[in-house]
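**Student:** Encoded as structure tokens, here's the structure I'll be asking about.
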Amino acid sequence: MGASIRLGRIFGIPIIINFSWVFIFFLVTYTLSAQFGDSYPRWNLIQQWATAGATSLLFFTSVLAHELSHSLLAVRKGIPVRGITLFIFGGVSHLAHEARRPMTEFLVAVVGPASSLLLGLLFFAASRVLQDVSETLAAICIVLSPINFMLGIFNMLPGFPLDGGRVLRAAVWGITGSYWRGTQIAARAGQAIGGLMVAGGIAWLLFAPEVRFQGLWFALIGAFLFSAATTSYRQEQIRENLKNYTVADVMRTGWNVLPGETLAGSPAVAQALAGREEFVAVLTGDRIGGIFTRRQLARLPAATAAQIPLGMAMTPLSAMPKVSPEEPMFGIIERLEAENMDRLAVVRDDALLGLVSREDVMRWLQRGPQRAS
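This is the structure:
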């Protein structure tokens with residue numbers, strides 16, 4: 018999503034704002050200031066803009082609340098959350114992996130729109146209570162109530178990656194027992210909804226030029242949904258294809274080996290790490306005891322590297338995340354991404370059989386999945 022800034026954490030979940038959000042924040046504030054100027058002509062310019070800015074902040078707080086509801090329930094259901102990002106088209110919760118059961122998918126998806134509808138009701142009630150107390154506060158609530166209702170209803174449209182699309186996937190998954198079938202239908206529905214929105218936005222531009230901005234925005238959101246649905250479909254298609262492959266089909270089994278007594282700053286290590294080689298296996302006794310990477314070498318001061326042996330500088334095999342050669346590949350890709358790991362050691366009976374890195378997986382996917390010879 019481009020450049021972003023990290024605001025902090027809420028309930029332990031990192032909150033990130035993409036710079037595209039700044040553009041839409043000022044755009045919404047500008048639009049609302051004009052709206053408040055028309056609706057409340059007695060207000061001066063400062064009051065119009067201050068109220069518009071406060072409303073924009075509360076609107077994006079509502080979007081954040083929507084995403085937090087997803088994230089908090091996901092965490093409760095055992096799905097780690099890497100963060101929440103607010104960007105030009107709203108917000109997204111970055112789950113470490115998809116739900117393992119249809120009911121979990123359904124609950125995590127539906128809680129977002131439910132929270133938006135609840136906020137819509139709360140703002141509506143507040144607008145009634147505040148109308149005789151503060152015209153400014155009541156005006157803010159009058160605007161935020163329908164916005165939250167629309168946010169909840171729009172997100173329940175039955176097309177991926179909208180929440181309604183996830184609900185649709187959960188339903189198809191539960192009925193058919195096939196996660197992939199549910200994804201196919203939900204993603205295709207998302208593409209259809211996105212395409213219709215693009216067509217509707219273009220028609221809006223052509224036949225209602227007085228509101229051309231709304232038409233353009235409608236088309237842009239549709240294009241985003243179509244693109245996101247297409248990307249999700251392709252990603253899940255890769256996952257489905259990978260179910261037939263195991264770690265043994267991808268793991269790397271060839272590497273340079275040096276004795277543990279070799280000094281980290283020696284020419285032998287420099288030569289072993291030349292070219293595309295990112296690590297060297299370190300022999301301790303009669304078996305490989307760990308690996309020493311190019312990154313580790315770069316971090317060592319020259320004086321230290323000239324004196325420390327690889328056996329002391331290496332990452333021990335015992336400290337590396339491990340996987341068995343029989344594990345399915347789709348789970349390994351998910352694990353590498355979710356836990357932000359560079360590589361996994363493939364072991365059996367404490368013996369190193371191979372290594373799987375992100376780069377290995379990407380090269381393997383680019384070549385097209387194939388069995389190891």
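Under the numbering used here, the letters of the sequence shown match residues 18 to 390, in that order. Note that the Cβ used here is the ideal one computed from N, Cα and C, for glycine as well.
How about threonine 46 and glycine 70: do their beta carbons lie closer than 9 Å?
**Tutor:** Here the question's residue 46 lines up with position 29 in the sequence shown. Here the question's residue 70 lines up with position 53 in the sequence shown. For threonine 46 and glycine 70, yes; Cβs fall inside 9 Å.
**Student:** Taking valine 373 and arginine 360 to be in contact with their CB atoms under 8 Å, please state how far apart those CB atoms are, rounded to whole angstroms.
**Tutor:** Residue 373 sits at position 356 when you count from the first residue of the sequence shown. Residue 360 sits at position 343 when you count from the first residue of the sequence shown. Confirmed, Cβ separation roughly 6 Å.
**Student:** With a threshold of 16 other CB atoms inside 10 Å of the CB of serine 50, please say whether the residue is buried or exposed.
**Tutor:** Here residue 50 corresponds to residue number 33 of the sequence shown, with the count starting at 1. That one is buried.
**Student:** Considering only C-alpha positions, which residue in the set Gly302, Pro326 and Thr301 is nearest to glutamine 313?
**Tutor:** Within the sequence shown, residue 313 is the residue found at index 296, counting from 1. Ranking Gly302, Pro326 and Thr301 by Cα distance to glutamine 313 puts Pro326 first.
**Student:** Buried or exposed for leucine 24, going by 16 or more other Cβ atoms inside 10 Å?
**Tutor:** For the purposes of this step, residue 24 is taken as residue 7 along the sequence shown, with counting starting at 1. Exposed, because fewer than 16 other Cβ atoms sit within 10 Å of the Cβ of leucine 24.
**Student:** Using DSSP with H/G/I as helix, E/B as strand and the rest coil, what is valine 364?
**Tutor:** Here residue 364 corresponds to residue number 347 of the sequence shown, with the count starting at 1. Strand at valine 364.
**Student:** Determine the direct distance from the alpha carbon of tryptophan 197 to that of leucine 90, and round the result to whole angstroms.
**Tutor:** Taking the sequence shown and counting its residues from 1, the one referred to as residue 90 is at position 73. Taking the sequence shown and counting its residues from 1, the one referred to as residue 197 is at position 180. Spanning the two alpha carbons is a distance of roughly 23 Å.
**Student:** Which residue marks the beginning of the beta strand (DSSP E) containing threonine 310, and which one marks its end?
**Tutor:** For this step, residue 310 is matched to residue 293 along the sequence shown. That run of the beta strand (DSSP E) goes 304-310.
**Student:** Put histidine 83 into one of helix, strand or coil per three-state DSSP.
**Tutor:** As a working note, residue 83 is residue 66 in the sequence shown. Looking at histidine 83 - three-state DSSP - the assignment turns out to be helix.
**Student:** Do the segment 235-249 and the segment 272-279 make contact, defined as three or more Cβ pairs closer than 8 Å?
**Tutor:** No: the two stretches stay apart, fewer than three of their Cβ pairs being nearer than 8 Å.
**Student:** As an exercise, report each continuous beta strand (DSSP E) stretch of at least 3 residues that is fully enclosed by the segment 279-340, in chain order.
**Tutor:** Here the runs fully enclosed are 296-301 and 304-310.
**Student:** Between which two residues does the beta strand (DSSP E) harbouring isoleucine 105 extend?
**Tutor:** Sequence index remark: in the sequence shown, residue 105 carries index 88 (1-based). Where isoleucine 105 is concerned, there is no enclosing beta strand (DSSP E), given that its DSSP letter is neither H nor E.
**Student:** Under 9 Å between the Cβ atoms of alanine 187 and phenylalanine 123?
**Tutor:** Position 170 of the sequence shown holds residue 187. Position 106 of the sequence shown holds residue 123. Yes, they are a contact pair.
**Student:** Can you round the beta-carbon distance between proline 333 and glycine 307 to whole angstroms, since I take them to be within the 8 Å contact cut?
**Tutor:** Residue mapping note: residue 333 aligns to position 316 of the sequence shown, counting from 1. Residue mapping note: residue 307 aligns to position 290 of the sequence shown, counting from 1. Between glycine 307 and proline 333 the Cβ distance is about 4 Å, and since that is below 8 Å, they are a contact.
**Student:** Answer with buried or exposed for isoleucine 63, where buried requires no fewer than 16 other C-beta atoms within 10 angstroms of its C-beta.
**Tutor:** Counting from 1 along the sequence shown, the entry for residue 63 is found at position 46. Classification for isoleucine 63: exposed.
**Student:** In the DSSP assignment, what residue or residues form a beta bridge with proline 119?
**Tutor:** For this step, residue 119 is matched to residue 102 along the sequence shown. According to DSSP, which records beta bridges pairwise, proline 119 is partnered with nothing at all.
**Student:** Identify the continuous beta strand (DSSP E) that holds glycine 181 and give its terminal residues.
**Tutor:** Here residue 181 is taken as the residue at index 164 of the sequence shown, counted from 1. Note, glycine 181: premise wrong, no beta strand (DSSP E); alpha helix (DSSP H) at 180-193.
**Student:** Would you say the segment 65-84 touches the segment 249-262, given that touching needs at least three Cβ pairs under 8 Å?
**Tutor:** No, the segment 65-84 does not touch the segment 249-262.
**Student:** Within a Cβ cutoff of 7 Å, which residues of the same chain sit near leucine 154, ignoring the five residues on either side of it in sequence?
**Tutor:** For the purposes of this step, residue 154 is identified with residue 137 of the sequence shown, where counting begins at 1. Taken in chain order, the residues that qualify are Leu147.
**Student:** Look at isoleucine 105 and asparagine 35 and say whether their C-beta atoms are less than 9 Å apart.
**Tutor:** Along the sequence shown, one-based indexing puts residue 105 at 88. Along the sequence shown, one-based indexing puts residue 35 at 18. A contact, by the Cβ cut-off of 9 Å.
**Student:** Do you know offhand how far isoleucine 170's Cα is from phenylalanine 177's?
**Tutor:** To locate residue 170, count along the sequence shown from 1; it is residue 153. To locate residue 177, count along the sequence shown from 1; it is residue 160. For isoleucine 170 and phenylalanine 177, the distance between alpha carbons rounds to 14 Å.
**Student:** Is the beta carbon of proline 130 sitting closer than 9 Å to the one on aspartate 180?
**Tutor:** Within the sequence shown, residue 130 is the residue found at index 113, counting from 1. Within the sequence shown, residue 180 is the residue found at index 163, counting from 1. In contact: proline 130 and aspartate 180 (Cβ atoms closer than 9 Å).
**Student:** Spatial neighbours of leucine 136 within its chain, please: C-beta separation below 7 Å, excluding the five flanking residues on both sides.
**Tutor:** Residue mapping note: residue 136 aligns to position 119 of the sequence shown, counting from 1. These residues qualify, in order along the chain: Ser79, Ala82 and Asn165.
**Student:** For serine 56, count neighbouring C-beta atoms within 10 Å of its own C-beta (all shown protein chains included) and say buried if the count is 16 or more, exposed if not.
**Tutor:** In the sequence shown, counting from the first residue as 1, residue 56 sits at position 39. Flag for serine 56 reads exposed.
**Student:** Between arginine 384 and isoleucine 255, what straight-line distance do the alpha-carbon atoms span, to the nearest angstrom?
**Tutor:** Numbered from 1 along the sequence shown, position 367 holds the residue referred to as residue 384. Numbered from 1 along the sequence shown, position 238 holds the residue referred to as residue 255. About 13 Å.
**Student:** With a threshold of 16 other CB atoms inside 10 Å of the CB of glutamine 252, please say whether the residue is buried or exposed.
**Tutor:** As a first step, residue 252 is located in the sequence shown; it is residue number 235 there, counting from the start. Flag for glutamine 252 reads exposed.
**Student:** If we ignore side chains and look at the alpha-carbon of each, how far apart do proline 13 and isoleucine 96 end up?
**Tutor:** The chain is shown only over 18 to 390; residue 13 falls outside these bounds and no answer can be derived.
**Student:** Let me confirm a value: alanine 216 is counted as buried when at least 16 other C-beta atoms fall within 10 Å, else exposed. Which label applies?
**Tutor:** The residue given as residue 216 occupies position 199 in the sequence shown. Counting Cβ neighbours within 10 Å, alanine 216 comes out exposed, since fewer than 16 surround it.
**Student:** In the DSSP output, which residue or residues are listed as bridge partners for leucine 439?
**Tutor:** With the chain represented from 18 up to 390, any question about residue 439 goes unanswered, as that position is not in the structure.
**Student:** With burial defined as no fewer than 16 other Cβ atoms inside 10 Å of the residue's Cβ, what is the status of serine 390: buried or exposed?
**Tutor:** In the sequence shown, counting from the first residue as 1, residue 390 sits at position 373. With a pLDDT of only 47 at serine 390, under 50, the local geometry of the prediction cannot be trusted, and no value is derived from it.
**Student:** Under 6 Å Cβ to Cβ from alanine 126, same chain only, skipping five residues before and after it: list those, please.
**Tutor:** To locate residue 126, count along the sequence shown from 1; it is residue 109. So the list reads Asp180, Arg183 and Val184, once near-sequence residues are dropped.
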